[in-house]
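Enquirer: Start counting the sequence shown at 8; every next residue gets the next number (the working numbering).
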Amino acid sequence: MSEAAPATEEAAGGRMTLVEHLAELRRRLIISMVALACGFVVCWVFYPQILDFLVAPYCDVVSPDAEGLDAPGNCRLLVLDPLEPFAVRVSVAGYGGAALAMPILLWQAWRFVTPALFPRERRHTAAFVIVATLLFAAGVALAFWTIPRALGFLAELGGDDLVSFFSPRRYLSFVVKMALAFGLGFEFPIFLVFGQITGILPTRTLQRIRPWAAVGIVVVGAVITPTGDPFTLLILSGPMYAFYELSILFGVLRQRRKERAETEELATAPAQRSSGEAP
Numbered sequence: 008m009s010e011a012a013p014a015t016e017e018a019a020g021g022r023m024t025l026v027e028h029l030a031e032l033r034r035r036l037i038i039s040m041v042a043l044a045c046g047f048v049v050c051w052v053f054y055p056q057i058l059d060f061l062v063a064p065y066c067d068v069v070s071p072d073a074e075g076l077d078a079p080g081n082c083r084l085l086v087l088d089p090l091e092p093f094a095v096r097v098s099v100a101g102y103g104g105a106a107l108a109m110p111i112l113l114w115q116a117w118r119f120v121t122p123a124l125f126p127r128e129r130r131h132t133a134a135f136v137i138v139a140t141l142l143f144a145a146g147v148a149l150a151f152w153t154i155p156r157a158l159g160f161l162a163e164l165g166g167d168d169l170v171s172f173f174s175p176r177r178y179l180s181f182v183v184k185m186a187l188a189f190g191l192g193f194e195f196p197i198f199l200v201f202g203q204i205t206g207i208l209p210t211r212t213l214q215r216i217r218p219w220a221a222v223g224i225v226v227v228g229a230v231i232t233p234t235g236d237p238f239t240l241l242i243l244s245g246p247m248y249a250f251y252e253l254s255i256l257f258g259v260l261r262q263r264r265k266e267r268a269e270t271e272e273l274a275t276a277p278a279q280r281s282s283g284e285a286p
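What follows is the structure in structure tokens.
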């Protein structure tokens, strides 16, 4: 089925049959799987460079005065299993391939659901997808800024008599969990704004539960962060609460604009009615 097929059917006012829906879904899934496979191969080939990037926060902690990854002799991850290097390479290629293919995956999902949406819903959905992607990327960037500082904070708590050695698998799991925690945490305003637009979460309700929301944000941050230390919790919960306040501001401004439009409509209605009655 061609790319223009859904748009053509929608323009004609027709509906896709179940078989056509399944065929379209199959096509989108095949394209998504090919994109994932290509991303996996690319990350498998560039595994050394990707691993250097992932290990850099750890190297900043164990060798803060070193320049690059070639300088420190102790910037190493401890392998405890003969199969662990292979498993780590597969994991890095898998996670990296999924990240590379994500724009294509989102595009295929968008193309699949587009025929069922009205033009206004398409504009709103496209805006939400773009903003959500940018917020997730910002959260991941903040996570990579936080990781070396969180590791340093945790290492200092243990004292000078403890030497930290990480296995590649556990360190990679830690980095992925941190990235996901911050990325998902930065999606918080998307749900708040969506709730206000749909009426599920009125702005007045968000204003009324501010104290409870602050406590809930801290609790959620403690649950989703892999470390749970105060430093990481503060770095994540601070932006989340700022997003909460910005979402309330969005709702207030949206309500004022809506009331202003209704007032203008009521003011112009008598003039339009009188002009229509004039001979």
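In this text, a Cβ means the ideal position worked out from N, Cα and C, and glycines have one as well.
1) Helix, strand or coil: which one does DSSP assign to residue 50?
2) Please classify residue 209: is it buried, with 16 or more other beta-carbons within 10 angstroms of its beta-carbon, or exposed?
3) Within the continuous alpha helix (DSSP H) that includes residue 83, where are the two ends?
4) What does the Cβ neighbour count give for residue 226, buried or exposed, with the cut at 16 atoms within 10 Å?
5) Report yes if the C-beta distance between residue 87 and residue 174 is below 8 Å; otherwise report no.
6) Between residue 213 and residue 191, is the Cβ-Cβ spacing less than 8 Å?
7) Along the alpha helix (DSSP H) that carries residue 109, what are the first and last residues, could you check?
8) Going straight from the alpha carbon of residue 197 to that of residue 256, what length do you get?
9) Taking the alpha-carbon positions, what's the residue 118 to residue 31 distance?
10) Quick one: residues in its chain with C-beta nearer than 7 Å to the C-beta of residue 67, no 5 flanking neighbours on either side, listed in chain order?
11) In chain order, what residues of the same chain lie with their CB nearer than 6 Å to the CB of residue 242, ignoring the 5 residues before and after it?
12) Taking residue 145 as the reference, which of 65, 246, 158, 259 has the closest Cα?
13) Buried or exposed for residue 37, please, with buried defined as at least 16 other CB atoms from any protein chain shown within 10 angstroms of its CB.
14) Measure the alpha-carbon distance for residue 116 versus residue 84 and round it to whole angstroms.
15) I'd like the span of the alpha helix (DSSP H) that includes residue 123, first residue to last.
16) Would you say residue 61 and residue 147 are within 8 Å of each other, going by their C-beta atoms?
17) With residue 216 as the anchor, note down where its alpha helix (DSSP H) starts and where it stops.
18) In whole angstroms, what is the alpha-carbon distance linking residue 74 and residue 267?
19) From residue 233 to residue 271, what distance separates their C-alpha atoms?
20) Answer with buried or exposed for residue 35, where buried requires no fewer than 16 other C-beta atoms within 10 angstroms of its C-beta.
21) Please name the residue in 251, 230, 231 whose C-alpha comes closest to that of residue 219.
22) In its own chain, which residues sit with a C-beta less than 8 Å from the C-beta of residue 77, not counting the 5 before and 5 after it?
23) With a threshold of 7 Å on Cβ separation, who are the neighbours of residue 162 within its own chain once the five nearest residues in sequence on each side are excluded?
24) Using 8 Å as the Cβ pair cut-off and three pairs as the minimum, do the stretch 125–136 and the stretch 48–64 touch?
25) Classify residue 20 as buried or exposed, calling it buried when 16 or more other Cβ atoms lie within 10 Å of its own Cβ.
26) How far does the alpha helix (DSSP H) with residue 195 in it extend, from its first residue to its last?
Expert: Answer, in terms of the structure:
1) helix
2) exposed
3) Looking at the DSSP string, residue 83 is not in any alpha helix (DSSP H), and its letter there is neither H nor E.
4) exposed
5) yes
6) no
7) 91–120
8) 14 Å
9) 10 Å
10) 155
11) 153
12) 246
13) exposed
14) 38 Å
15) No alpha helix (DSSP H) holds residue 123; DSSP gives it neither H nor E.
16) no
17) Neither: residue 216 is in no alpha helix (DSSP H) and is coded neither H nor E.
18) A caution first: residue 74 carries a pLDDT of 43, below 50, which makes its placement in the model unreliable, though a value can still be read off. C-alpha separation (whole angstroms): 58 Å.
19) 52 Å
20) buried
21) 251
22) For residue 77, the pLDDT reaches just 39, beneath the cut-off of 50, and the residue's location in the model is therefore unreliable, leaving the point undetermined.
23) 68, 171
24) no
25) Summary for residue 20: the model assigns pLDDT 44, below 50, so the residue's position carries little reliability, and this model does not support an answer.
26) 195–205
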